[in-house]
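Report on the following structure.
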Amino acid sequence: MRNMRQKTRGCEWTLGAILTMLLLLALMGPTAAMAQQAGPDQVRLAVQPGLSGMYKVNFPTGVNITIANQGAAFKGLLVVERDKSEHESPEPNQSMRYQKLVQVPAGGLVQTGLMVPGQLINAGAVVTLLVDGTPVAQSYIQGTAVSSGVIALSLSEKPLKGGIASWLDQTFTGQTAIKFLAPDHLPEDPLELGLVDVIIVDDQAVAKLSDKQLKTLKDWVSLGGMLLISGGAGTYSGGALADISPVTAEGQRVVAADLGGLRLVKGTVSVTTGRLTKGQVLAQVNGVIVVASRQLGQGQVVFCGIPLEQLTAESTAVWPLVFGKTKEGRLAFTDHTEKYMAGDILSQAAGYLPQLKMPPVPRVAVIWFIYVLVVGPGLYLILKRRDRRDWLWWLIPSAALLTTLVVYLMSPAQRIHAPISQTLAVVDILDKHLAEVNATGAFVSPYGGTLNVQGPARSIILSNDYQMGPNKSAPIIQYGDRPNLSFQNVEYWSMRQARAIAVKNNLGQIEGQLTLDNGTLRGRISNHTTMKLRDCRIMVGAGSIALGKIDAGDSIEVNQAINNWPVSLGPNDVRNGLVPPIAPGQRDEYVRERQMVEVALGPMQRNMNSDDVIFLGWSDDSLDLFQILSGEPVKDYSLALVKQNLRLDIAPGKAVKLPPGMLIPQIIDSRGAFERNAAGYTVFEGKVTFSINLDRPFRDKAVRVVELEFPGRENKNFSLRYFDWQENNWVDLPGSGLKIGSDQLQRYRSPNGEFRLQVEKVSGLGQPDRILMPAVTVEGVVSQ
Numbered sequence: 001m002r003n004m005r006q007k008t009r010g011c012e013w014t015l016g017a018i019l020t021m022l023l024l025l026a027l028m029g030p031t032a033a034m035a036q037q038a039g040p041d042q043v044r045l046a047v048q049p050g051l052s053g054m055y056k057v058n059f060p061t062g063v064n065i066t067i068a069n070q071g072a073a074f075k076g077l078l079v080v081e082r083d084k085s086e087h088e089s090p091e092p093n094q095s096m097r098y099q100k101l102v103q104v105p106a107g108g109l110v111q112t113g114l115m116v117p118g119q120l121i122n123a124g125a126v127v128t129l130l131v132d133g134t135p136v137a138q139s140y141i142q143g144t145a146v147s148s149g150v151i152a153l154s155l156s157e158k159p160l161k162g163g164i165a166s167w168l169d170q171t172f173t174g175q176t177a178i179k180f181l182a183p184d185h186l187p188e189d190p191l192e193l194g195l196v197d198v199i200i201v202d203d204q205a206v207a208k209l210s211d212k213q214l215k216t217l218k219d220w221v222s223l224g225g226m227l228l229i230s231g232g233a234g235t236y237s238g239g240a241l242a243d244i245s246p247v248t249a250e251g252q253r254v255v256a257a258d259l260g261g262l263r264l265v266k267g268t269v270s271v272t273t274g275r276l277t278k279g280q281v282l283a284q285v286n287g288v289i290v291v292a293s294r295q296l297g298q299g300q301v302v303f304c305g306i307p308l309e310q311l312t313a314e315s316t317a318v319w320p321l322v323f324g325k326t327k328e329g330r331l332a333f334t335d336h337t338e339k340y341m342a343g344d345i346l347s348q349a350a351g352y353l354p355q356l357k358m359p360p361v362p363r364v365a366v367i368w369f370i371y372v373l374v375v376g377p378g379l380y381l382i383l384k385r386r387d388r389r390d391w392l393w394w395l396i397p398s399a400a401l402l403t404t405l406v407v408y409l410m411s412p413a414q415r416i417h418a419p420i421s422q423t424l425a426v427v428d429i430l431d432k433h434l435a436e437v438n439a440t441g442a443f444v445s446p447y448g449g450t451l452n453v454q455g456p457a458r459s460i461i462l463s464n465d466y467q468m469g470p471n472k473s474a475p476i477i478q479y480g481d482r483p484n485l486s487f488q489n490v491e492y493w494s495m496r497q498a499r500a501i502a503v504k505n506n507l508g509q510i511e512g513q514l515t516l517d518n519g520t521l522r523g524r525i526s527n528h529t530t531m532k533l534r535d536c537r538i539m540v541g542a543g544s545i546a547l548g549k550i551d552a553g554d555s556i557e558v559n560q561a562i563n564n565w566p567v568s569l570g571p572n573d574v575r576n577g578l579v580p581p582i583a584p585g586q587r588d589e590y591v592r593e594r595q596m597v598e599v600a601l602g603p604m605q606r607n608m609n610s611d612d613v614i615f616l617g618w619s620d621d622s623l624d625l626f627q628i629l630s631g632e633p634v635k636d637y638s639l640a641l642v643k644q645n646l647r648l649d650i651a652p653g654k655a656v657k658l659p660p661g662m663l664i665p666q667i668i669d670s671r672g673a674f675e676r677n678a679a680g681y682t683v684f685e686g687k688v689t690f691s692i693n694l695d696r697p698f699r700d701k702a703v704r705v706v707e708l709e710f711p712g713r714e715n716k717n718f719s720l721r722y723f724d725w726q727e728n729n730w731v732d733l734p735g736s737g738l739k740i741g742s743d744q745l746q747r748y749r750s751p752n753g754e755f756r757l758q759v760e761k762v763s764g765l766g767q768p769d770r771i772l773m774p775a776v777t778v779e780g781v782v783s784q
């Protein structure tokens with residue numbers, strides 16, 4: 001009987017074990033079934049980089065991914081990374097791993113995308129779809145790489161039937177790529193359009209664009225794109241593009257087909273035309289505007305009243321006007337390359353954290369000197385007099401511990417026991433609803449291990465300085481509502497960095513009404529942003545005016561004489577006026593500010609003529625950019641440099657002398673070595689020919705030049721000449737200086753309204769000689 005009971009119990013245990021295993025299998029069944037049903041036979045991936053398959057190697061690029069699922073619904077993870085079969089040591093932007101969670105319905109189709117560096121795609125990237133860590137589909141990313149040159153998209157096929165593609169290809173020797181992109185494939189995020197230089201629209205394209213796509217298009221222009229409106233599409237009053245077009249269309253007009261001698265074509269042609277609302281006229285026939293352009297933020301909008309399909313490649317005099325081609329052969333496009341290279345400059349500045357700085361060496365040396373005196377002869381003499389020399393065995397180590405504690409407390413870095421981050425941001429406010437942020441974050445973990453960081457919304461995330469090594473894994477970026485960065489295997493008390501290009505819509509703007517009259521700048525500047533701003537300044541030409549602190553909602557009056565500013569400046573004089581210069585023999589306490597000013601002013605310094613006032617202000621407020629994710633208390637520090645262009649008004653009929661550096665002549669021919677400085681140029685050797693547009697010296701300001709005044713010079717290393725268009729020869733400029741008034745300017749004015757100046761180095765070759773540019777007096781005119 002006892003044996004029977006033991007057998008029965010054994011059977012019960014066996015049966016229980018079997019039931020438990022069946023239950024576990026049942027619980028595991030859905031996961032296993034999901035991975036099986038989402039296998040290679042049920043899931044397909046279609047991947048296309050960039051826009052219409054085009055991408056730029058040095059630019060962030062969108063990857064469009066389509067997932068076709070014939071099986072059950074599942075939740076997967078898309079991973080974009082470098083092909084691991086490649087054994088070459090990758091660069092930082094090639095080693096990143098980008099991923100995104102996707103929910104795929106049963107028998108459904110999912111379209112999604114994410115932004116990755118163009119270098120990663122060019123190095124051989126692969127997209128993998130994981131379900132519970134198991135790969136179920138994979139596809140290599142293949143597209144057309146454009147290392148340098150122009151990418152143009154037409155949202156309609158009609159404009160491509162003309163000669164635009166052929167002219168671009170001939171003009172830039174194959175360094176262009178132009179394709180058709182259906183309007184419904186236009187991204188709804190302007191950051192995804194960052195690699196595009198030109199977008200062409202006509203009436204058919206405008207009719208198909210949604211309100212959200214139109215806003216994306218306008219934001220993209222403000223961020224530096226060129227919008228080419230063919231046939232005046234959408235520019236009638238109340239039209240989709242009327243608010244940004246330089247011309248408000250009023251109807252059709254018939255003009256000579258040769259467009260006033262610009263084409264060798266007979267007959268007539270119908271053009272859309274109207275009145276100029278802002279900007280400048282580039283081509284007109286008997287007062288009928290055909291081509292006009294205007295600045296919008298960092299980019300520009302070009303109105304072309306004649307449909308582009310009617311312009312052939314042989315219209316060689318028209319296309320340069322449409323694209324704003326300069327005499328040096330460049331198109332008037334914004335160079336986005338510096339925008340992404342600016343992160344390298346900010347990374348150097350972000351590596352300096354004032355919160356972690358060590359105590360000054362002289363102070364530490366004094367403390368240790370006192371310690372040596374106390375421990376050495378001091379303690380010995382005191383204890384000898386008191387006959388307590390036996391106390392030295394514990395007083396000496398106690399003094400050493402006390403001194404070490406003092407040095408420890410002098411360094412704030414030693415008292416930080418939680419992760420610390422610093423975000424440096426250069427904020428370019430384009431209008432009250434749009435600002436572009438170039439930010440770099442530095443993150444320090446006192447514990448090491450895994451460091452998780454949350455990035456800003458609506459941003460492109462790039463790694464900054466990741467150093468590959470045998471024991472280091474690539475950082476992971478996961479896109480969602482906000483991107484998250486995960487740095488693995490972080491060493492104790494080490495730093496990691498990341499950078500972001502972000503778009504902000506809620507920062508507000510700086511408002512300024514400024515006028516220039518009799519050498520004095522007057523007006524009012526109001527801070528309508530959400531930030532408290534300190535150490536504010538405005539730059540006018542090559543000089544600047546200190547404004548001090550302007551809190552959010554506050555205003556300040558400006559009344560400053562600028563007619564006595566220096567006419568010659570060195571390469572660092574402007575920046576030293578904005579940030580205190582480095583004191584000899586001392587640590588640079590303003591290394592962050594100095595590098596941030598370099599990022600903010602770099603594009604402006606290379607811009608030939610800045611007819612606006614540049615506002616600069618500093619803020620310590622958080623802009624909700626980078627943030628360390630940790631269960632411990634985290635120290636987050638922020639420093640932002642806010643920049644905005646403010647319009648400077650010159651009343652019609654009012655003659656105003658411009659401050660130095662506001663109008664710099666353009667180079668039309670050069671031979672030798674020279675460089676641009678804040679108020680002109682420095683020539684080392686050779687010959688440089690300059691040009692001033694007397695009728696329209698500024699692109700978006702209705703003024704004309706009425707006087708040029710050349711200062712006297714003592715430097716005999718170079719000669720100056722100006723061109724006499726009536727005699728068709730060069731005239732030497734006297735060393736004592738020269739003033740050319742309005743009546744005399746007509747003699748030295750070309751048929752196109754051009755004044756030419758030539759500088760030639762005749763001695764002192766290799767020495768830096770600053771060229772004193774003429775003082776320019778302009779007069780406001782009524783826009784035509």
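Quick note on this note's numbering: the sequence shown kicks off at 1 and runs consecutively. Built from N, CA and C at the ideal position, the CB exists for glycine as well. As the structure is a prediction and not an experimental result, all values here were calculated from the model.
Specify, as a first and last residue, the run of the alpha helix (DSSP H) that Y352 falls within.
Numbered from its first residue, the sequence shown carries residue 352 at position 352. Taken as a continuous stretch (DSSP letters only), Y352 belongs to no alpha helix (DSSP H), as it is neither H nor E.
Run through the DSSP bridge pairs and tell me what Q454 is partnered with.
The sequence position of residue 454 within the sequence shown is 454, counting from 1. Q454 is bridged to N484, Q627.
Compute the Euclidean distance between the alpha carbons of G469 and E81, then round it to the nearest angstrom.
For the purposes of this step, residue 469 is taken as residue 469 along the sequence shown, with counting starting at 1. For the purposes of this step, residue 81 is taken as residue 81 along the sequence shown, with counting starting at 1. A caution first: G469 carries a pLDDT of 47, below 50, which makes its placement in the model too unreliable to give a value.
List the endpoints of the continuous alpha helix (DSSP H) containing H212.
Residue 212 sits at position 212 when you count from the first residue of the sequence shown. Strictly speaking, residue 212 in this sequence is Lys, with His absent from that position. That run of the alpha helix (DSSP H) goes 211-222.
Which listed residue (R522, D588, A182) has its alpha carbon closest to that of G562
Position 562 of the sequence shown holds residue 562. Checking the displayed sequence, the identity of residue 562 turns out to be Ile instead of Gly. When only C-alpha atoms are compared, the closest one is R522.
By a C-beta neighbour count over all protein chains shown, 10 Å radius and 16 as the cutoff for buried, is Y380 buried or exposed?
The residue given as residue 380 occupies position 380 in the sequence shown. An exposed status is given to Y380, since fewer than 16 other beta-carbon atoms sit within 10 Å of its beta-carbon.
Leaving aside the five residues before and after H417 along the sequence, list all residues of the same chain whose C-beta is less than 7 Å from its C-beta, in chain order.
Walking along the sequence shown from the start, residue 417 turns up at place 417. P446.
How big is the Cα-Cα spacing for V579 and F303?
As a working note, residue 579 is residue 579 in the sequence shown. As a working note, residue 303 is residue 303 in the sequence shown. If I take the Cα positions, the gap works out to 41 Å.
Count the other CB atoms within 10 Å of the CB of W394; is the residue buried (16 or more) or exposed (fewer)?
As a first step, residue 394 must be located in the sequence shown, where it is residue number 394. Counting Cβ neighbours within 10 Å, W394 comes out exposed, since fewer than 16 surround it.
Do you know offhand how far G455's Cα is from D573's?
In the sequence shown, the residue the question calls residue 455 occupies position 455. In the sequence shown, the residue the question calls residue 573 occupies position 573. Each residue's Cα considered, the two are about 36 Å apart.
N- and C-terminal bounds of the alpha helix (DSSP H) containing W319
The sequence position of residue 319 within the sequence shown is 319, counting from 1. Residue range 319-323 is occupied by the alpha helix (DSSP H) that includes W319.
Identify the continuous beta strand (DSSP E) that holds A575 and give its terminal residues.
Here residue 575 refers to the residue found at position 575 of the sequence shown. Inspection of the sequence shows that residue 575 is occupied by Arg rather than by Ala. The continuous stretches of beta strand (DSSP E) do not include R575, which lies in the alpha helix (DSSP H) extending over residues 573-578.
Skipping 5 residues on each side, what residues in its chain have a beta carbon closer than 7 Å to that of R749?
Counting from one through the sequence shown, the residue named residue 749 turns up at place 749. Within the same chain, R749 has close Cβ partners L694, W725, F755.
If contacts are defined as beta-carbon pairs under 8 Å, then V57 and Q142 qualify, I think. What distance do you get, rounded to the angstrom?
Residue 57 sits at position 57 when you count from the first residue of the sequence shown. Residue 142 sits at position 142 when you count from the first residue of the sequence shown. Contact flag wrong, Cβ pair sits at about 14 Å.
Reduced DSSP secondary structure (H/G/I, E/B, other) of R770
By one-based count along the sequence shown, residue 770 stands at place 770. Secondary structure at R770: strand, using DSSP grouped into helix, strand and coil.
Whose C-beta lies closer than 8 Å to the C-beta of W618 among residues of the same chain, with five residues either side of it excluded?
On the sequence shown, residue 618 is found 618 positions in, with the first residue counted as 1. The answer, listed in chain order, is L533, R534, D535, C536, E593, L639, A640, L641, V642.
Measuring only the C-alpha atoms, how far is K657 from L663?
Stepping through the sequence shown from its first residue, residue 657 is reached at position 657. Stepping through the sequence shown from its first residue, residue 663 is reached at position 663. C-alpha separation (whole angstroms): 11 Å.
The alpha helix (DSSP H) that contains Y380, what's its start and end?
Counted from its first residue, the sequence shown places residue 380 at position 380. For Y380, the enclosing alpha helix (DSSP H) begins and ends at 379-385.
Assigned secondary structure, Q42 (DSSP; H/G/I helix, E/B strand, else coil):
Working through the sequence shown from its first residue, we reach residue 42 at position 42. Under the three-state reduction of DSSP, Q42 is assigned to coil, being neither helix nor strand.
In the DSSP assignment, what residue or residues form a beta bridge with S736?
As a position in the sequence shown, residue 736 is number 736, starting the count at 1. According to DSSP, residue pairing for S736 in a beta bridge does not occur.
As a quick exercise: from H528, N489, L514, pick the residue whose alpha carbon is nearest that of G508.
Here residue 508 corresponds to residue number 508 of the sequence shown, with the count starting at 1. Nearest to G508 by C-alpha distance, out of H528, N489, L514, is H528.
Same chain, Cβ closer than 6 Å to A205, neighbours up to 5 away in sequence not counted
Here residue 205 refers to the residue found at position 205 of the sequence shown. Taken in chain order, the residues that qualify are L155, S156, P183.
Please list the segments of the beta strand (DSSP E) lying wholly inside the region 54-124, counting only runs of 3 or more residues, in order along the chain.
Residue ranges of uninterrupted beta strand (DSSP E) with 3 or more members, entirely inside the region 54-124 and ordered along the chain, are 54-56, 60-69, 74-82, 97-104, 109-117.
Got a sec, what are the start and stop residues for the beta strand (DSSP E) L663 sits in?
Here residue 663 corresponds to residue number 663 of the sequence shown, with the count starting at 1. Under the DSSP assignment, L663 falls outside any beta strand (DSSP E); it carries neither an H nor an E label.
If you run the structure through DSSP and keep just helix, strand and coil, what is G449?
In the sequence shown, counting from the first residue as 1, residue 449 sits at position 449. Residue state, collapsed to three classes: strand.
If you draw a straight line from the alpha carbon of T176 to that of L51, how long is it in whole angstroms?
Along the sequence shown, one-based indexing puts residue 176 at 176. Along the sequence shown, one-based indexing puts residue 51 at 51. The alpha-carbon atoms of T176 and L51 are separated by roughly 14 Å.
Comparing alpha-carbon positions, which option in R44, D620, P246 lies nearest V301?
The residue labelled residue 301 in the question sits at position 301 within the sequence shown. Closest option to V301, Cα to Cα, is P246.
Could you compute how far the alpha carbon of Q644 sits from the alpha carbon of G299?
One-based indexing of the sequence shown puts residue 644 at position 644. One-based indexing of the sequence shown puts residue 299 at position 299. Going by C-alpha positions, Q644 is about 14 Å away from G299.
Apart from the five residues on each side of it in sequence, which residues of its chain come closer than 8 Å, Cβ to Cβ, to S147?
Mapped onto the sequence shown, residue 147 falls at position 147. So the qualifying residues of the chain are K56, V57, N58.
According to DSSP, is S166 helix, strand or coil?
Reading the sequence shown from its first residue, position 166 is the one you call residue 166. S166: helix per DSSP, three-state reduction.
So, at 7 Å on beta carbons, what are the nonlocal neighbours of S459 in its own chain, with the 5 sequence-adjacent residues on each side left out?
The residue given as residue 459 occupies position 459 in the sequence shown. Closer than 7 Å at Cβ, skipping near neighbours: P483, A500, I501, A502.
Is it buried or exposed for A583, if we count other Cβ within 10 angstroms and need 16 for buried?
On the sequence shown, position 583 is the one that residue 583 refers to. Answer is exposed; the Cβ neighbour count stays below 16.
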